[in-house]
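Novice: Questions regarding the structure given below will be posed in turn.
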Amino acid sequence: MRFLQADEVAVGLRVLYAGHADFLGIADPELLQRGHILVHHHPGVVKKFYGPGVNHCIVEFVGLEDEPISFAVGFDHLEDGHYAGLLVPTEEEWQQADSSGWWTAAPGS
Numbered sequence: 002m003r004f005l006q007a008d009e010v011a012v013g014l015r016v017l018y019a020g021h022a023d024f025l026g027i028a029d030p031e032l033l034q035r036g037h038i039l040v041h042h043h044p045g046v047v048k049k050f051y052g053p054g055v056n057h058c059i060v061e062f063v064g065l066e067d068e069p070i071s072f073a074v075g076f077d078h079l080e081d082g083h084y085a086g087l088l089v090p091t092e093e094e095w096q097q098a099d100s101s102g103w104w105t106a107a108p109g110s
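First residue of the sequence shown? That's 2 in this note's numbering, and the numbers climb one at a time after it.
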């Protein structure tokens, strides 16, 4: 697994969150109460990309589709062109992440 590079960002690209667990960008108090927040290796898909130049991308994260983190908060690359907050997974890594987090539980649990 490696960091996403600015020259490879595309709408529809599958990515994993590279940061630490974070509740910022989660507005629903029920999600927060259940601990349903953005976590390391959280799967998502690039939904919008503003570039070239700015290279700002919006990622819709699984289970957080209606939360600001998935439509109002985005990621920018660093000077060297990599996105410190986003990883490019292999198909196997994607499948593992997509099937192993709190987002696999029944809604409301």
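Ideal Cβ placement from N, Cα and C applies to all residues, glycine included.
Closest to A7 by C-alpha separation, out of Q97, D81, E92, would be which residue?
Specialist: Position 6 of the sequence shown, counting from 1, holds the residue named residue 7. Out of Q97, D81, E92, D81 has the C-alpha closest to the C-alpha of A7.
Novice: Just mark Y51 as buried or exposed, buried being the case when its beta carbon has 16 or more other beta carbons within 10 Å.
Specialist: For the purposes of this step, residue 51 is identified with residue 50 of the sequence shown, where counting begins at 1. When all chains shown are included, Y51 counts as exposed.
Novice: According to DSSP, P44 sits in a beta bridge with which residue or residues?
Specialist: One-based indexing of the sequence shown puts residue 44 at position 43. DSSP output for P44 lists L17 as bridge partner(s).
Novice: Using DSSP with H/G/I as helix, E/B as strand and the rest coil, what is L65?
Specialist: The residue you call residue 65 lines up with position 64 of the sequence shown. Three-state result, L65: coil.
Novice: Starting from F5, follow the beta strand (DSSP E) in both directions and report where the run begins and ends.
Specialist: Position 4 of the sequence shown, counted from the first residue, corresponds to residue 5. The amino acid occupying residue 5 in the given sequence is Leu; Phe does not appear at that position. Where L5 is concerned, the enclosing beta strand (DSSP E) stretches over 3 to 6.
Novice: Spatial neighbours of P90 within its chain, please: C-beta separation below 6 Å, excluding the five flanking residues on both sides.
Specialist: Within the sequence shown, the letter at position 89 stands for residue 90. Excluding sequence neighbours, P90 sits near M2, L17.
Novice: Hey, would you say V47 sits closer than 8 Å to V12, going by beta carbons?
Specialist: Position 46 of the sequence shown, counted from the first residue, corresponds to residue 47. Position 11 of the sequence shown, counted from the first residue, corresponds to residue 12. Going by C-beta atoms, V47 is nearer than 8 Å to V12.
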